[in-house]
Amino acid sequence: MGSVGYPLRSAISLLVICLALSPCKASPPLILSSTTYDSTQGDGFLECLTFSSQHYEIKFYAPESNSYKTILQASIGNLRFASPETPKPRFIVTPSHESQVQTLVVCSRKHGLQIRVLSGGHDYEGLSYTSRVPFVMIDLVNLRSISIDIQDNSAWVQAGATLGEVYYRIAEKSRLHGFPAGFCHTVGVGGHISGGGYGGLMRKYGVAADHVVDARLVNANGEILDRETMGEDLFWAIRGGGAASFGVILAFKINLVLVPPVVTVSAINMTMEPETIAEIVHKWQYAAYSEVPKELSIEVIIFSMANNNNNNGTSSMLIAFQIIFLGPKEELLNLMKEKFHELRLEQNDYIEMSWIESTLFLDGYPNASPLNVLLDRTIPNKEAFKVKSDFVTTPISKIEFKRIFKRFVKEENFVMRLSPWGGRMNAISEKEIAFPHRYGNMYVITYMAWDGNQEGRTRTSHMCIKRSREIYSFMSPYVSKSPRAAYLNNRDLDLGQNKINGNTTYSEARIWGEKYFKNNFEKLVKVKSEVDPSNFFANEQSIPLIPEN
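Letter by letter, the sequence shown follows residues -26 to -1, 1 to 523 in mature numbering (1 follows the signal peptide of the UniProt record, and there is no 0).
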């Protein structure tokens, strides 16, 4: 019925929101020196680093360094934040040892500098590389070791590693093990897991944070804590509650999952009129959520691009289906004919491969691409974009879908991605970890609008912001309510922000906090107040403190 494989790698990079830190070839970093920075900017901070770093030389980049601009630009995943008016870090620091992170926390706190921690550059609102107050950016690119223990079915993964590096190192040890996380191989582990982390294995195994069994974190006092020393409440919070509110994640210990020697995948693209898309997606929402086994995940992606109008006066859009099944082709073929025959897929629409090969294929790469692509952290085709998210808890009617896609076809440079919940996600309590989106959610919708021409844009003038807000408003009747839930890793500052002076009230923060964390927000506030009472780890959407009264 369609064509196997994606027609545009760049479009799929946008689609899966695959924007993260790109490594760069830069000139040698500055070593601590009194001649490389403006004496009015951070004297005390740099003296603190010098005094505290007796054993490991800390490398940093000041704005006067030739490498500073190159490294910062490589860190920016969203070009909305690449304009000259975007606030820049006082220093970029690339620690190579855990003790250096301790020093950075202590010295930043002592000298009144906020920190931003970049494990992959994947924050869609740029919170890992920009801030409204003076700050230091800690780039964890040199802290990305991965230690696999197949006998124990576990791995220690440092926060600066990417998902692709994790997948690759697992496959080096075993083709029968995997890890349930996202599709985009360049996403950093630290932010992805601490925000939940869902992907193609979610219906079978849950989210990435469900498989964390230990962690190492630097707290506001500069101490390194593990699960035992941090306590169960903090350990609960950093699994889905966003670690940036509580400390600097150094590493996670994760449990691996079993995968079969052969999985079946498909990436089908079709061009259809909005009414036809509505018919198929209406059927999909039932089949993908509850009618197919948890070993099968079927994602739907709808592209509304420029020039949607056809020659005959009608309009059409590109719809893609991204499918992974933990089993053989023949079994999937029979299953799809029974449960989702509307797609009319045939045997040659499916491809059998190993799980590790499927991680590249479902990231938009051609079949049989070399596995070492997973080790490449470089992100091509960056864009200025705006992302929002919704959860659907009640089936959307066929008439409503027709209304939705009739509106959506008018958009330009817009993607709507529908990812099915169900399966294992229905069996885990919303209070098990801080990630709350469990039973009752049928699927999550990710909206992404991006700008084409960047010339003359400022950080706040991008049309993608306006267009995403309009679609988000239009979708209000069809999605979850009280609260209208959102996914933390699809960061959206439109939901609300902390005040720049840090005096955000609990009731103010609750407006956006309950959208991300639902009933878990109150416990997160209590944990935050206990482990970071001075609110050192603060950002535009960090967890607030309990009110003093």
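Glycine residues also receive a C-beta, built at the ideal position from the N, C-alpha and C atoms. Every value quoted in this text rests on a predicted model; they were computed, and no experiment measured them.
Rounded separation between residue i and residue j - CA only
| i | j | result |
| --- | --- | --- |
| C81 | V91 | 15 angstroms |
| S371 | D200 | 48 angstroms |
| F365 | N509 | 30 angstroms |
| E312 | I223 | 45 angstroms |
| H151 | N494 | 32 angstroms |
| T14 | R64 | Residue confidence for T14 is low, a pLDDT of 43 falling below 50, so the modelled location carries little weight; the figure read from the coordinates is stated next. Each residue's Cα considered, the two are about 11 angstroms apart. |
| V236 | N475 | 54 angstroms |
| R391 | I407 | 25 angstroms |
| P302 | S26 | 57 angstroms |
| L(-6) | T44 | The predicted position of L(-6) is uncertain, since its pLDDT is 30 and thus under 50; a value taken from the coordinates is nonetheless stated next. Between L(-6) and T44, the C-alpha separation is close to 12 angstroms. |
| V274 | M244 | 11 angstroms |
| I293 | S393 | 14 angstroms |
| E496 | K489 | 12 angstroms |
| residue 570 | E357 | Given that the chain is displayed from residue -26 to residue 523, the structure contains no residue 570 and the question cannot be resolved. |
| H166 | R213 | 10 angstroms |
| P410 | M399 | 10 angstroms |
| P521 | Y480 | 6 angstroms |
| G18 | P340 | 52 angstroms |
| M416 | S454 | 10 angstroms |
| Q74 | W486 | 34 angstroms |
| K129 | A252 | A small correction: the amino acid at residue 129 is Ala; Lys does not occupy that position in the sequence shown. Going from the Cα of A129 to the Cα of A252 covers about 43 angstroms. |
| H436 | S102 | 20 angstroms |
| L349 | Y142 | 7 angstroms |
| T352 | F109 | 25 angstroms |
| I50 | Y263 | 35 angstroms |
| M449 | S503 | 35 angstroms |
| P451 | E38 | 51 angstroms |
| V115 | R381 | 42 angstroms |
Residues bridged to residue i (per DSSP)
| i | result |
| --- | --- |
| A241 | Q296 |
| F359 | W424 |
| D113 | L92 |
| I132 | Just to set this straight, residue 132 is Gln in the shown sequence, not Ile. Q132 is bridged to A225. |
| T366 | The question names Thr, but residue 366 is Val in the sequence shown. In the DSSP output, where bridge partners are listed per residue, V366 has Y417. |
| H411 | Answer is none; H411 lacks a bridge partner. |
| L232 | H151 |
| D188 | K227 |
| G162 | T136 |
| R391 | I275, T420 |
| L199 | L191 |
| I212 | Paired residue(s): none; I212 is not in a bridge. |
| I122 | A129 |
| residue 525 | Missing from the structure shown is residue 525; the chain here goes from -26 to 523 and no further. |
| E270 | For clarity, residue 270 is Leu in the given sequence; the question names Glu instead. DSSP output for L270 lists F299 as bridge partner(s). |
Residues near residue i in its chain [Cβ-Cβ closer than 6 angstroms; skip 5 each side]
| i | result |
| --- | --- |
| residue 547 | Outside the displayed range of the chain (-26 to 523) lies residue 547, so it cannot be described from this structure. |
| V361 | Y98, M422, N464 |
| G414 | T367 |
| R106 | I474 |
| S343 | L334 |
| I439 | K360 |
| E385 | S278 |
| L462 | G169, G216, Y490 |
| Q471 | E514 |
Same chain, Cβ closer than 7 angstroms to residue i, neighbours up to 5 away in sequence not counted
| i | result |
| --- | --- |
| M204 | L191 |
| G397 | R177, K178, K268 |
| V140 | I120, V131, F153, V163 |
| F299 | V237, T238, E269, L270, L306 |
| P234 | L300, G301 |
| Q296 | A241, E273, I275, L336 |
| L53 | K356, E357, A358, Q428 |
| L498 | A211, G215, A408, F491, I517 |
| I402 | G180, D184, R412 |
| F375 | A252, V255, H256 |
| R441 | E385, F388, A423 |
Close beta carbons around residue i, own chain, < 8 angstroms, minus the five adjacent residues each side
| i | result |
| --- | --- |
| V418 | Y172, S363, D364, F365, V366, L392, S393, W395, H411, Y461 |
| Y260 | P369 |
| K147 | I122, I124 |
Check whether the segment 194 to 209 and the segment 89 to 108 are in contact - that is, three or more C-beta pairs closer than 8 angstroms. no
Every unbroken alpha helix (DSSP H) inside the segment 36 to 97 [4 residues or more]: List check, alpha helix (DSSP H) in window: 40 to 49, 72 to 84.
Inspect the CB distances between the segment 57 to 64 and the segment 157 to 176 and report whether three or more fall short of 8 angstroms. no
Threshold first: 4 residues or longer. Then list the alpha helix (DSSP H) segments lying entirely within the segment 452 to 518, N to C. 480 to 491, 495 to 505
Going along the chain, which unbroken runs of the alpha helix (DSSP H) with 4 or more residues stay wholly within the segment 310 to 335? 329 to 335
Does the contact criterion of 3 or more C-beta pairs under 8 angstroms hold for the segment 226 to 236 versus the segment 179 to 186? yes
Would you call the segment 70 to 84 in contact with the segment 455 to 467, where contact means no fewer than 3 C-beta pairs closer than 8 angstroms? Too few Cβ pairs lie closer than 8 angstroms, so no.
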